[in-house]
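What follows is a set of notes on a single structure, which appears directly below.
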Amino acid sequence: MELLNSINDKPEAKTQVMEKTSVAPRHIKVKFLFAGLAGLVVWYVVYRQLLPFSQYLTYNIFGLTPESHLGEAVEFFVYDTPKVLMLLTLVVFGVGIIRTFFTPEKTRALLAGKRESAGNVLAAMLGIVTPFCSCSAVPLFLGFVTAGVPLGVTFSFLIAAPMVNEIALVLLYGLLGWKVAALYLGTGLLLAIIAGWAIGRLGMEKHMEDWVLDLRADGGAIIEESLTLQDRIKKGGEAVKDIVGKVWIYVIAGIAVGAAIHGYVPENFMASIMGKDAWWTVPAAVLVGIPMYSNAAGIVPVIHALLGKGAALGTVLAFMMSVIALSLPEAVILRKVLKPQLIATFIGVVGIGILLVGYLFNLII
Numbered sequence: 002m003e004l005l006n007s008i009n010d011k012p013e014a015k016t017q018v019m020e021k022t023s024v025a026p027r028h029i030k031v032k033f034l035f036a037g038l039a040g041l042v043v044w045y046v047v048y049r050q051l052l053p054f055s056q057y058l059t060y061n062i063f064g065l066t067p068e069s070h071l072g073e074a075v076e077f078f079v080y081d082t083p084k085v086l087m088l089l090t091l092v093v094f095g096v097g098i099i100r101t102f103f104t105p106e107k108t109r110a111l112l113a114g115k116r117e118s119a120g121n122v123l124a125a126m127l128g129i130v131t132p133f134c135s136c137s138a139v140p141l142f143l144g145f146v147t148a149g150v151p152l153g154v155t156f157s158f159l160i161a162a163p164m165v166n167e168i169a170l171v172l173l174y175g176l177l178g179w180k181v182a183a184l185y186l187g188t189g190l191l192l193a194i195i196a197g198w199a200i201g202r203l204g205m206e207k208h209m210e211d212w213v214l215d216l217r218a219d220g221g222a223i224i225e226e227s228l229t230l231q232d233r234i235k236k237g238g239e240a241v242k243d244i245v246g247k248v249w250i251y252v253i254a255g256i257a258v259g260a261a262i263h264g265y266v267p268e269n270f271m272a273s274i275m276g277k278d279a280w281w282t283v284p285a286a287v288l289v290g291i292p293m294y295s296n297a298a299g300i301v302p303v304i305h306a307l308l309g310k311g312a313a314l315g316t317v318l319a320f321m322m323s324v325i326a327l328s329l330p331e332a333v334i335l336r337k338v339l340k341p342q343l344i345a346t347f348i349g350v351v352g353i354g355i356l357l358v359g360y361l362f363n364l365i366i
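Numbering (our numbering), first residue to last: 2 to 366.
Written out as structure tokens, the structure reads:
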């Protein structure tokens with residue numbers, strides 16, 4: 002409710018960002034550098050021991066057998082839970098530092114006035130590292146529109162921000178490898194760019210709510226203090242506390258579901274309902290995914306387990322994209338500022354793009 006009420010506040014627009022500079026002493030920078038390197042070494046040593054630890058705990062301490070369903074499920078859970086949380090903590094910390102260079106005001110100022118094609122590419126790229134999810138769609142949309150950012154460019158950002166974020170990429174890398182993570186990153190960005198460009202070409206600005214169209218830029222200047230190294234590291238720690246602190250339960254729940262699938266679902270069972278042979282599996286996966294509300298932390302471990310049981314990569318990626326990028330709650334929130342025609346166009350264009358991604362992956366892999 003607070004989110005819906007917050008959109009009635011008139012946002013700043015066409016923001017001119019001014020900065021105050023501050024510089025950290027050299028010895029402090031060196032101190033943080035050595036502390037960071039030591040932390041990375043400890044992180045790597047612990048990470049490398051997770052697999053033997055999970056096997057020892059499962060089969061020596063718990064006394065389970067490797068051939069049993071329960072043994073496979075427990076090893077999957079004990080190994081993947083700390084693995085994913087460690088990867089997530091490391092990357093969220095790093096991205097949290099990067100995000101200090103991309104505040105909402107700077108992002109709006111950077112995108113405003115850009116040519117639409119170049120703006121779509123830039124907006125999609127910024128969506129990876131900026132701190133927004135689908136629940137932030139409405140106030141972010143208002144801020145972009147009133148700052149003069151073209152509608153299509155705004156949608157490129159809104160598609161990329163929740164779908165191609167560091168949580169999705171870290172989980173995909175940790176569970177499925179860098180190739181799948183890279184394919185997801187490439188197709189997700191391409192989808193955001195093309196879908197935003199297509200929406201922009203349709204000239205649907207008139208389908209925003211009238212009160213949104215009446216908003217005008219104030220031209221106010223926001224003064225931002227340039228952060229020191231310590232400040233940025235502190236922001237990285239706050240990002241870990243905020244993001245990992247919120248999604249860890251989804252990670253554990255998703256891995257628990259994945260462990261059950263890994264241990265108890267027969268080999269190649271999912272090929273019969275999520276395989277590449279039947280044409281209807283991809284659209285069915287998208288239709289099932291849209292009403293669901295989850296984030297990457299909860300859905301990627303399930304995707305991992307489904308692939309292990311014979312589901313086709315294109316089908317499960319289409320399912321994941323539809324869950325993250327086209328959630329029903331997001332559409333309900335967007336209705337506050339968009340008319341039904343524009344919401345339907347948004348869902349239709351992105352949905353078609355997701356279908357094409359699913360069919361493409363099923364065809365070539």
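Don't be surprised by glycine CBs; every beta carbon is placed ideally from N, CA and C. These figures come from a predicted structure and were not determined experimentally.
Straight-line Cα distance separating residue j from residue i
{"i": "residue 302", "j": "residue 255", "result": "5 Å"}
{"i": "residue 164", "j": "residue 189", "result": "7 Å"}
{"i": "residue 38", "j": "residue 112", "result": "35 Å"}
{"i": "residue 291", "j": "residue 327", "result": "5 Å"}
{"i": "residue 212", "j": "residue 237", "result": "37 Å"}
{"i": "residue 355", "j": "residue 145", "result": "25 Å"}
{"i": "residue 377", "j": "residue 93", "result": "What the structure shows of the chain is the stretch from 2 to 366, and residue 377 is not part of that stretch, so it cannot be assessed."}
{"i": "residue 52", "j": "residue 167", "result": "24 Å"}
{"i": "residue 329", "j": "residue 73", "result": "35 Å"}
{"i": "residue 313", "j": "residue 180", "result": "15 Å"}
{"i": "residue 173", "j": "residue 50", "result": "20 Å"}
{"i": "residue 346", "j": "residue 161", "result": "17 Å"}
{"i": "residue 194", "j": "residue 31", "result": "40 Å"}
{"i": "residue 281", "j": "residue 361", "result": "14 Å"}
{"i": "residue 186", "j": "residue 35", "result": "32 Å"}
{"i": "residue 178", "j": "residue 307", "result": "15 Å"}
{"i": "residue 351", "j": "residue 285", "result": "15 Å"}
{"i": "residue 207", "j": "residue 214", "result": "8 Å"}
{"i": "residue 252", "j": "residue 82", "result": "7 Å"}
{"i": "residue 1", "j": "residue 62", "result": "As shown, the chain starts at 2 and ends at 366. That puts residue 1 outside it, with no answer to give."}
{"i": "residue 119", "j": "residue 260", "result": "43 Å"}
{"i": "residue 273", "j": "residue 366", "result": "17 Å"}
{"i": "residue 96", "j": "residue 240", "result": "8 Å"}
{"i": "residue 244", "j": "residue 89", "result": "9 Å"}
{"i": "residue 123", "j": "residue 339", "result": "23 Å"}
Residues near residue i in its chain [Cβ-Cβ closer than 8 Å; skip 5 each side]
{"i": "residue 44", "result": "87 and 91"}
{"i": "residue 309", "result": "262 and 263"}
{"i": "residue 358", "result": "188, 192, 315, 318, 319 and 322"}
{"i": "residue 60", "result": "66, 67, 72 and 76"}
{"i": "residue 1", "result": "Residue 1 lies beyond the range of the chain shown here (2 to 366); nothing can be said about it."}
{"i": "residue 117", "result": "151, 153, 154, 198 and 201"}
CB contact below 8 Å: residue i versus chain C
{"i": "residue 280", "result": "The structure shown contains no chain C; it is built from a single protein chain."}
Beta-bridge pairing of residue i - partner residues as DSSP gives them
{"i": "residue 339", "result": "209"}
Local Cβ density within 10 Å of residue i, reported as buried at 16 or more and exposed below that
{"i": "residue 201", "result": "buried"}
{"i": "residue 289", "result": "exposed"}
{"i": "residue 66", "result": "exposed"}
{"i": "residue 267", "result": "exposed"}
{"i": "residue 175", "result": "buried"}
{"i": "residue 278", "result": "exposed"}
{"i": "residue 341", "result": "exposed"}
{"i": "residue 57", "result": "exposed"}
{"i": "residue 204", "result": "exposed"}
{"i": "residue 80", "result": "buried"}
{"i": "residue 364", "result": "exposed"}
{"i": "residue 222", "result": "Model confidence at residue 222 stands at a pLDDT of 47, short of 50, so the residue's coordinates are unreliable; what they give is reported in the following sentence. Exposed is the call here."}
{"i": "residue 55", "result": "buried"}
{"i": "residue 248", "result": "buried"}
{"i": "residue 158", "result": "buried"}
{"i": "residue 47", "result": "exposed"}
{"i": "residue 102", "result": "exposed"}
{"i": "residue 250", "result": "exposed"}
Closer than 7 Å: residue i CB and nearest the ligand SAM heavy atom
{"i": "residue 90", "result": "Within the structure as shown, the ligand SAM is missing, as the structure has no ligands at all."}
Cut-off 7 Å between Cβ atoms - residues of its own chain near residue i, not counting five sequence neighbours on either side
{"i": "residue 70", "result": "264 and 265"}
{"i": "residue 234", "result": "33 and 98"}
{"i": "residue 332", "result": "344 and 348"}
{"i": "residue 275", "result": "282, 286, 307, 312, 313, 316 and 317"}
{"i": "residue 128", "result": "158, 161, 162, 165 and 193"}
{"i": "residue 305", "result": "176, 177 and 259"}
Neighbourhood of residue i by C-beta distance below 6 Å, restricted to the same chain and skipping five residues each side
{"i": "residue 182", "result": "170, 173 and 174"}
{"i": "residue 258", "result": "303"}
{"i": "residue 300", "result": "321 and 324"}
{"i": "residue 121", "result": "154, 157, 194, 197 and 198"}
{"i": "residue 353", "result": "none"}
Which whole runs of the alpha helix (DSSP H) in the stretch 228-288 are 4 residues long or more, in chain order? 230-240, 246-265 and 272-275
Report the start-end ranges of each alpha helix (DSSP H) in the stretch 65-113 that is 4 residues or longer and not cut off at the edges. 70-100 and 105-112
Taking the runs of the alpha helix (DSSP H) that are 4 residues or longer, which of them lie wholly in the stretch 147-189? 152-164 and 167-177
Pick out the complete alpha helix (DSSP H) segments inside the stretch 294-333, 4 residues or longer, and give them in chain order. Whole alpha helix (DSSP H) segments, 4+ residues: 297-309 and 314-326.
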